[in-house]
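Per our numbering, the sequence shown runs over residues 1377 to 1623.
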Amino acid sequence: MKRASQSGFTLVELIVTMTILAIVSVGIFGFIESSTSGYVESKNREALQSQARFVVERLGRELRHAVPNSMTVWDDGACLTYTPIRYSGTYHQLKQGANTLDVALSTEKTNWQGGVTSDRLVFLPMKPSDLISGASNSFAITAASGNTLTLDKPLAAEWPASSPSKRIYIYHHSVTLCFGEGELRRRVNDGATPKNITLAQNIAAGSRFDLAGTSLSSGNLINIYYRFNQSSETSVYNQHVQVLNAP
1377 MKRASQSGFT LVELIVTMTI LAIVSVGIFG FIESSTSGYV ESKNREALQS
1427 QARFVVERLG RELRHAVPNS MTVWDDGACL TYTPIRYSGT YHQLKQGANT
1477 LDVALSTEKT NWQGGVTSDR LVFLPMKPSD LISGASNSFA ITAASGNTLT
1527 LDKPLAAEWP ASSPSKRIYI YHHSVTLCFG EGELRRRVND GATPKNITLA
1577 QNIAAGSRFD LAGTSLSSGN LINIYYRFNQ SSETSVYNQH VQVLNAP
């Protein structure tokens, strides 16, 4: 009588099969982990670059339209204070002893007069201190009608100089930018409780502003050195911004 044949796995075959499956699984999991990690790093890198582009574009746009010679770098290059222009234009004639001035502003607004009565006006700014109250070429605007501005004091005999291009700049508050604690922050110096707005994160040590040197300061050129750091990767940006306006 013939015995029925039996088929199946031996213990050795089972162990070999499980070992092979384990090796294959480890390889698959490693590939998946590597792909996932690469994707996450790529997205983080893309987000960091996008943030850097935003900051470079915003600061370039703001600083290009600052009042000429209004920039001050302090705290060992960590901070920059400047004064944005609200309106700019030309004046017709400076009359000694007069406290009114006829102007032509570069704006499409037709009702700008109501918004400048709390602002200040400056002629031929050569340094940041020319913009403060008490400076001989800085005036508070007390009224505006048509194209005529009324100033808080008359044009004095000791007038320092007239602008070669007859330019005027109307401004309000200064703005401060600071690198610190891994961030780039912006603050409007309006006399109220300071409120810092974060413009960028992942800022590494070594980021700074540079206005030192005759060629930079006299040409209204500011150099900004950014260092972004994330996941042990560092991206460096070096930005030069030229103030577009002339005193």
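For glycine and all other residues, C-beta sits at the position ideal for the given N, C-alpha and C.
Residue(s) in a DSSP beta bridge with residue i
i	result
V1432	V1432 pairs with nothing; no bridge assigned.
G1490	Its beta-bridge partners do not exist; DSSP assigns none.
V1449	L1456
L1500	DSSP output for L1500 lists no bridge partner at all.
I1396	Looking at the DSSP assignment, I1396 forms no beta bridge with any residue, so it has no partner.
W1564	The sequence shown places Val at residue 1564, not Trp. Per DSSP, V1551.
F1585	I1600
I1573	R1562
I1579	F1604
I1461	Y1547
A1423	Answer is none; A1423 lacks a bridge partner.
Of the listed residues the options, nearest to residue i (C-alpha basis)
i	options	result
A1428	V1619, V1612 and N1621	V1612
D1452	A1581, N1614, V1617 and P1501	A1581
L1470	G1490, T1518, T1483 and K1542	K1542
L1439	S1509, S1550, S1514 and P1530	S1550
A1576	N1445, T1569 and R1562	R1562
N1605	D1586, L1560, T1457 and S1482	L1560
F1585	Y1601, N1578, A1511 and L1597	Y1601
V1432	N1621, R1603 and S1509	R1603
C1554	H1468, L1435 and K1485	L1435
V1449	T1552, I1579, G1567 and D1566	T1552
T1457	K1503, A1480 and S1482	K1503
N1445	T1466, A1474, G1491 and V1498	V1498
N1482	N1513, P1570, Y1467 and G1473	In the sequence as displayed, the identity of residue 1482 is Ser instead of Asn. Among N1513, P1570, Y1467 and G1473, the Cα nearest to that of S1482 is on Y1467.
A1494	K1529, N1475, A1516 and A1511	Here the sequence assigns Ser to residue 1494, which means Ala is not the residue at that position. Comparing Cα-Cα distances from S1494 to each of K1529, N1475, A1516 and A1511, the minimum goes to A1516.
S1583	N1596, T1574, K1571 and G1556	G1556
A1642	D1528, V1564 and Q1615	The structure shown does not extend to residue 1642, since the chain is modelled only from 1377 to 1623, so the question has no answer here.
Extent of the continuous beta strand (DSSP E) to which residue i belongs
i	result
I1600	L1597 to Q1606
H1468	First-last for H1468: undefined, no H or E at that position.
V1551	S1550 to G1556
S1611	E1609 to Q1618
I1544	R1543 to Y1547
T1476	T1476 to L1481
S1514	S1514 to S1521
L1507	It is not in any beta strand (DSSP E) - L1507 carries neither H nor E in the DSSP assignment.
T1386	Here T1386 belongs to no beta strand (DSSP E), and DSSP marks it neither H nor E.
L1527	T1524 to L1527
Neighbour-count burial assignment, residue i, 16 or more Cβ in a 10 Å radius
i	result
T1459	buried
I1546	buried
E1609	exposed
P1501	buried
R1678	Absent from the structure is residue 1678, since the part of the chain shown begins at 1377 and ends at 1623.
I1399	exposed
E1534	In this predicted model, E1534 has a pLDDT of only 49, less than 50, meaning its place in the structure is not dependable enough to derive any value.
M1447	buried
D1506	buried
I1598	buried
I1544	buried
R1496	buried
N1487	exposed
A1520	buried
I1404	exposed
V1360	With the chain covering 1377 to 1623 only, the question about residue 1360 has no answer from this structure.
A1579	What sits at residue 1579 in the sequence shown is Ile, not Ala. Buried, by the Cβ-count rule.
N1513	buried
Q1425	exposed
V1492	buried
N1565	exposed
field: Validate contact between the segment 1508 to 1526 and the segment 1433 to 1450 using beta carbons, cut 8 Å, 3 pairs
entry: no
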